[in-house]
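Colleague:
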Amino acid sequence: MSSAVSPTTYDIVVLGAGSGGYACALRAAQLGLTVALVERSLLGGTCLHRGCIPTKALLHSAEVADAARTADRFGVRAELLGVDMPAVNRYKDGVVRRLHHGLRGLVGASGVDYIAGQGRLVDASSVEVDGRTVRGRHVVLATGSAPRHLPGVNLKDPVVSSEGAVLLDRVPTHAVILGGGVIGVEFASIYRSFGAEVTIVEALDRLVAAEDTAVSAALARAFGARGIDVRTEVRVVGVHEKDGVATVELSDGDRLEGDLVLVALGRDPLTAGLGYAEAGVETDHGFVVTDDRLRTSLDGVFAVGDLVSGPALAHRGFAHGIFVAEEVAGLAPVPVRDQGIPRITYCAPEIVSVGFTEEQARQTYEAADVRELSLAGNGKSQILGTSGFVKVVRSHRDGPVVGVHMIGARLAEQSGEAQLIVNWEALPDEVAALVHAHPTQNEALGEAHLALAGKPLHSHT
Ligand SMILES: Cc1cc2nc3c(=O)[nH]c(=O)nc-3n(C[C@H](O)[C@H](O)[C@H](O)COP(=O)(O)OP(=O)(O)OC[C@H]3O[C@@H](n4cnc5c(N)ncnc54)[C@H](O)[C@@H]3O)c2cc1C
């Protein structure tokens, strides 16, 4: 990778090399633009080093532990002798290392000037990196987000954020998870599979509150069956640590003790102290304010990824980055719509959603039409031993599909077709006419559309 700073003015200077920033840099270089990519830590950002990839590797180890634990159900003699966390971490770190190596190779071969250092926005056309000025005709802000702190609570093992949790070198005996959102339920699932007692504390009335209410209810049932203790509508009023044991005080007067407390209360955009406000970039609750073409209030300056209010997802960052590169190159790309972005929660069971929930559809359309298809009648799901459902939402009886929601083992991989259906505004009849391979879980998606089109095959709806 080049670390030279060209004296010339780049077409684009990207500040931050996470999902949004590096996607922008790579696409811009493909389009023949000159690009500087500034990063103070590691190329790949949160997703590669502290987020998506390490957590999904941990979840895979968790799935293997569950497979060993439940092997006799499938007639296989196996015994789970334990979870060797140093070995789990070696496997996880190997995955991250190989992907990081590949990404470094990609950026190095792309012609992008990679500049290692702490950057700061100076004005609409310059970024200062450790005292050096890097100029660009356009600047792309891509500094991402960081775990939200709980006021008055020190992050020191056994009290950690997700950043500490991905590095943990032991299986906790009792993990108390503060927050029942995506990150909280993923770690709850990991620790439970690894053999820990797990309690989730959530202030709202349900887990994964951004999801369809039926999905939240199904997850609560599945977690209950797995022995995960879920406390909803209760707030944390204090966290104290003594001799490696943390005590969590709750608003209902209860106290929970754990040898691990994970603070998973969401993430905040990283905009403070980076020169944004001084240069004239408008922010709102810390998020950079943009229009639908990701332009900030400062002419020539764009923002991408977690800095922009909306679902904090790596693939949204990629899409933002590609959009801005193409916009600068004059290709007039179609704006990225948050509504069409698939969202996945990789706990066991997995959750997939795209588009409107049933509740949102009923608020938006007068005659929204909904079908829920249980996985009980799906051959592959029976083979795997998973329950769950596929819920399909359409705007009205003859309207297109505006939402798909699924919960069950291994359903994440079904997100591809679900997002095509919603984003192409498919009619249930059109999806029903497509042949879904048997026996797959993908068939359940096809069958839900058969049901919505009024011709159910393996269901009574
Ligand atoms: C535990 C966890 C699990 C997750 N799992 C998933 C998942 O399964 N799927 C999914 O889609 N998303 C997941 N996410 C979210 C995903 O990681 C983020 O949405 C994504 O990383 C956002 O990309 P970004 O480019 O906006 O920011 P980031 O990836 O945070 O990148 C920002 C970069 O900017 C750099 N930077 C910041 N300030 C400066 C500065 N002043 N100078 C130079 N560089 C700077 C940072 O070092 C960082 O590398 C997860 C997140 C977490 C925390």
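The sequence shown stops at residue 472 when you use the numbering used here, and every number in between is there.
Glycine included, every Cβ here is placed at the ideal spot set by N, Cα and C.
Under 6 Å: does the beta carbon of Ser173 sit that close to some heavy atom of ligand 1?
Modeller: yes
Colleague: Excluding the five sequence neighbours on either side, which residues of its own chain have a C-beta within less than 7 Å of the C-beta of Asn453, listed in chain order?
Modeller: Same-chain partners within the cutoff: Gln425, Glu428, His447.
Colleague: Suppose only complete runs of 3+ residues qualify. What are the beta strand (DSSP E) ranges in the region 267-325, listed by chain order?
Modeller: 271-274, 278-280, 312-314
Colleague: Start and end of the beta strand (DSSP E) containing Asp124?
Modeller: 124-127
Colleague: In angstroms with no decimal places, state the Cα-to-Cα distance between Val212 and Val274.
Modeller: 10 Å
Colleague: Compute the distance between the beta-carbons of Val335 and Leu309, then report whether it is under 7 Å.
Modeller: no
Colleague: Grab me the residues of Gln430's own chain with a C-beta within less than 6 Å of its C-beta, minus the 5 sequence neighbours each way, in chain order.
Modeller: Close CB contacts of Gln430 within its chain, under the 6 Å cut and outside five residues either way in sequence, are with Pro353, Val365 (chain order).
Colleague: Along the chain, where does the alpha helix (DSSP H) that runs through Gly56 open and close?
Modeller: 56-60
Colleague: Could you tell me if Leu342 is buried or exposed, where buried requires 16 or more neighbouring beta carbons within 10 angstroms of its beta carbon?
Modeller: Result: exposed.
Colleague: Cβ of Glu377 within 7 Å of Cβ of Phe400?
Modeller: no
Colleague: What number of angstroms, rounded off, separates the C-alpha of Lys253 from the C-alpha of Pro162?
Modeller: Rounded to whole angstroms, Lys253 to Pro162 spans 19 Å at the Cα level.
Colleague: Can you tell me which of Glu244, Ile239, Arg421, Leu271 puts its alpha carbon nearest to the alpha carbon of Val250?
Modeller: Leu271
Colleague: Which of helix, strand or coil does DSSP assign to Leu438?
Modeller: If DSSP states are grouped into helix, strand and coil, Leu438 belongs with coil.
Colleague: For Met417, which beta-bridge partners are listed by DSSP?
Modeller: Val363, Val401
Colleague: What's the C-alpha gap between Cys35 and Gly351?
Modeller: Straight-line Cα distance between these residues: approximately 20 Å.
Colleague: Please state the DSSP three-state secondary structure of Thr144.
Modeller: strand
Colleague: Cβ of Leu117 within 6 Å of any heavy atom in ligand 1?
Modeller: no
Colleague: With a 10 Å radius around its C-beta and 16 neighbouring C-beta atoms as the bar for buried, classify Ser14 as buried or exposed.
Modeller: Reliability of the predicted coordinates at Ser14 is poor, the pLDDT of 44 falling under 50, and no value is obtained from them.
Colleague: Are the beta-carbon atoms of Ala199 and Val187 separated by less than 7 Å?
Modeller: no
Colleague: Sorry if obvious, but does the Cβ on Leu324 come closer than 6 Å to a heavy atom of ligand 1?
Modeller: yes
Colleague: Would you kindly report the start and end of the unbroken beta strand (DSSP E) that includes Asp134?
Modeller: 130-134
Colleague: Could you compute how far the alpha carbon of Gly396 sits from the alpha carbon of Pro158?
Modeller: For the pair Gly396 and Pro158, the Cα-to-Cα distance works out to about 35 Å.
Colleague: Using the Cα positions of Leu26 and Pro65, report the straight-line distance between them to the nearest angstrom.
Modeller: 24 Å
Colleague: Apply the 10 Å Cβ neighbour rule to Ile418 and answer buried if 16 or more other Cβ atoms are within range, or exposed otherwise.
Modeller: Buried, by the Cβ-count rule.
Colleague: Quick one: complete alpha helix (DSSP H) runs, 4+ long, within the region 155-242?
Modeller: 173-176, 193-204, 224-236
Colleague: With respect to 6 Å, is the separation between the Cβ of Cys358 and the closest non-hydrogen atom of ligand 1 below this value?
Modeller: no
Colleague: What I want to know is whether the C-beta of Ser30 ends up closer than 6 Å to one or more non-hydrogen atoms of ligand 1.
Modeller: yes
Colleague: Confirm the yes/no value for this check: CB of Val25, any heavy atom of ligand 1, distance under 6 Å.
Modeller: No, ligand 1 has no heavy atom inside 6 Å of this Cβ.
Colleague: Going straight from the alpha carbon of Val300 to that of Gly465, what length do you get?
Modeller: 44 Å
Colleague: In or out: Asp124 buried (at least 16 other Cβ within 10 Å) or exposed?
Modeller: buried
Colleague: Could you check where the alpha helix (DSSP H) with Val247 kicks off and where it finishes?
Modeller: It is not in any alpha helix (DSSP H) - Val247 instead sits in the beta strand (DSSP E) that spans 247-253.
Colleague: May I ask you to report which of helix, strand or coil DSSP gives Ala47?
Modeller: strand
Colleague: Hey, how far is the Cα of Glu50 from the Cα of Ala28?
Modeller: 5 Å
Colleague: I'd like the span of the alpha helix (DSSP H) that includes Asp409, first residue to last.
Modeller: Unbroken run through Asp409: none, as it is neither H nor E.
Colleague: With contact counted as at least three CB pairs below 8 Å, one residue from each stretch, are the region 123-141 and the region 77-84 in contact?
Modeller: no
Colleague: Residues in the same chain with beta-carbon distance under 8 Å from Val381, minus the five sequence neighbours each way, listed in chain order, please.
Modeller: Counting only Cβ-Cβ distances below 8 Å, and skipping sequence neighbours, we find Glu369, Ala372, Lys402, Val403, Val404, Arg405.
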